[in-house]
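Residue numbers (this note's numbering): -4 to 72.
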């Protein structure tokens, strides 16, 4: 099953304009991926590259979290 991706929150044109003036420009995308776990999504996106991260919002040792954030560096095309 494929994850359903929403459009990126930043257009390519906006990204280029921001990147001209800033060192880091966040680009986010919401993913409906009920067949994925945060860890499996992280492993696919990180692909053993340095500087990646997985942050989860579980509270006080609870096993379920509401939000997961995966960070990975840019991929060259």
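The beta carbon of each residue, even a glycine, is placed where N, CA and C say it ideally should be. For clarity, every value in this text was computed on a predicted model and none was experimentally measured.
Nearest Cα to residue 63 within the set 45, 42, 31 and 20: 31. Inside the region 15 to 58, DSSP marks whole alpha helix (DSSP H) runs of 4 or more residues at positions 33 to 41, from first to last along the chain. Comparing alpha-carbon positions, the option among 17, 16 and 24 lying closest to residue 6 turns out to be 24. In this structure, residue 40 keeps its C-beta atom at 8 Å or more from the C-beta atom of residue 12. If you look at residue 66, you'll find it in the beta strand (DSSP E) that goes 63 to 66.
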